[in-house]
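Worksheet for the structure shown next.
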Amino acid sequence: MLDIVLYGAETIGFFAGLAIGFILFSNSANLGLILGAPLICLGLGILIKAFVMFPNYDQAPATDVLTLMSDPYASPLRGQPAKIEGSLIGRGDAGYKFGSDLKIQDRNGMLYLHYASRFGPIGNFLFGMKRVQSLIGEQVGAVGWFHRGIMPWMDLIQLQSENGTIVNSYHRFWSMILGGGAVFLGIFTIVSLNS
Numbered sequence: 451m452l453d454i455v456l457y458g459a460e461t462i463g464f465f466a467g468l469a470i471g472f473i474l475f476s477n478s479a480n481l482g483l484i485l486g487a488p489l490i491c492l493g494l495g496i497l498i499k500a501f502v503m504f505p506n507y508d509q510a511p512a513t514d515v516l517t518l519m520s521d522p523y524a525s526p527l528r529g530q531p532a533k534i535e536g537s538l539i540g541r542g543d544a545g546y547k548f549g550s551d552l553k554i555q556d557r558n559g560m561l562y563l564h565y566a567s568r569f570g571p572i573g574n575f576l577f578g579m580k581r582v583q584s585l586i587g588e589q590v591g592a593v594g595w596f597h598r599g600i601m602p603w604m605d606l607i608q609l610q611s612e613n614g615t616i617v618n619s620y621h622r623f624w625s626m627i628l629g630g631g632a633v634f635l636g637i638f639t640i641v642s643l644n645s
């Protein structure tokens, strides 16, 4: 039950903030509360979900795809830090020349690696256009958060090839930016419309 609530934390936070905003507005007549409270609660929901999806990865154990897939507690929400080694066999979306996601294969199976640039969708596009092709076929080590839903995937933290190429990915970064930005914008809205 907790996982279902956490999976919808942004939506629940937004609507809870809207309800809180209306309750507080009825007592103080500050229009900023109706607009700001949902943003603050939305941001808090994003941050809470990010801490669950992307936990500390400093002690990520070396493992393989079969072991990750055999874990009965793997879920699409709770990220499981892991290190795997294998060969990059192609793009995540086969045939899409600008795709930034990859597929890694080890001795036991294949796994989708999800990449996120610090520059957002434009960075993902440029990474897919310029760097992915040179990585395909390389032996690599990947560190990330394993998730299992309809299809298993790993949100990439770092990919390192045998020839020394290092690729960093920023999933947690964007969650923190969006969550923190929403909280800041909500506080700013309340303060600016209060005067």
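So the sequence shown is numbered by the working numbering: it starts at 451 and just counts up by one. Just so you know, even glycine gets a beta-carbon here, dropped at the ideal spot from N, CA and C.
Do you know how far the Cα of residue j is from the Cα of residue i?
i: residue 506; j: residue 531; result: 7 Å
i: residue 468; j: residue 588; result: 50 Å
i: residue 542; j: residue 578; result: 10 Å
i: residue 620; j: residue 484; result: 32 Å
i: residue 618; j: residue 567; result: 8 Å
i: residue 489; j: residue 556; result: 43 Å
i: residue 500; j: residue 454; result: 14 Å
i: residue 524; j: residue 610; result: 25 Å
i: residue 613; j: residue 592; result: 14 Å
i: residue 550; j: residue 476; result: 48 Å
i: residue 537; j: residue 584; result: 13 Å
i: residue 641; j: residue 508; result: 39 Å
i: residue 482; j: residue 574; result: 36 Å
i: residue 471; j: residue 552; result: 43 Å
i: residue 644; j: residue 478; result: 10 Å
i: residue 626; j: residue 510; result: 21 Å
i: residue 495; j: residue 461; result: 8 Å
i: residue 473; j: residue 518; result: 46 Å
i: residue 451; j: residue 622; result: 24 Å
Relative to the C-alpha of residue i, which candidate in the options has its C-alpha closest?
i: residue 596; options: 493, 554, 475; result: 554
i: residue 633; options: 451, 452, 463; result: 463
i: residue 513; options: 592, 525, 561, 534; result: 534
i: residue 544; options: 582, 523, 527, 516; result: 582
i: residue 457; options: 638, 559, 518, 492; result: 492
i: residue 520; options: 644, 602, 643, 639; result: 602
i: residue 636; options: 481, 472, 487, 475; result: 487
i: residue 616; options: 565, 518, 473; result: 565
i: residue 631; options: 497, 511, 472, 479; result: 497
i: residue 539; options: 546, 561, 527; result: 561
i: residue 547; options: 580, 572, 527, 522; result: 580
i: residue 526; options: 517, 504, 511; result: 504
i: residue 676; options: 624, 528, 529, 590; result: This structure cannot speak to residue 676, because the chain is shown only from 451 to 645.
Along the beta strand (DSSP E) that carries residue i, what are the first and last residues, could you check?
i: residue 557; result: No beta strand (DSSP E) contains residue 557, which DSSP labels as neither H nor E.
Since residue i is in the alpha helix (DSSP H), which residue starts that stretch and which ends it?
i: residue 631; result: 621–644
i: residue 527; result: Unbroken run through residue 527: none, as it is neither H nor E.
i: residue 392; result: The structure shown does not extend to residue 392, since the chain is modelled only from 451 through 645, so no value can be given for it.
If I'm right that residue i touches residue j with Cβ under 8 Å, what's the distance once you round it to whole angstroms?
i: residue 607; j: residue 599; result: Going by Cβ atoms, the distance from residue 607 to residue 599 rounds to 19 Å, so no, they are not a contact pair.
i: residue 604; j: residue 563; result: 5 Å
i: residue 558; j: residue 515; result: 5 Å
Please go through the region 458–513 and give each complete alpha helix (DSSP H) segment of 4 or more residues, from N-terminal end onward.
DSSP runs (the alpha helix (DSSP H)) wholly in the region 458–513: 459–478, 481–503.
Quick check on the DSSP output: what are the complete beta strand (DSSP E) runs of length 3 or more inside the region 568–614, in order along the chain?
Counting only runs of 3 or more, we get 589–598, 602–611.
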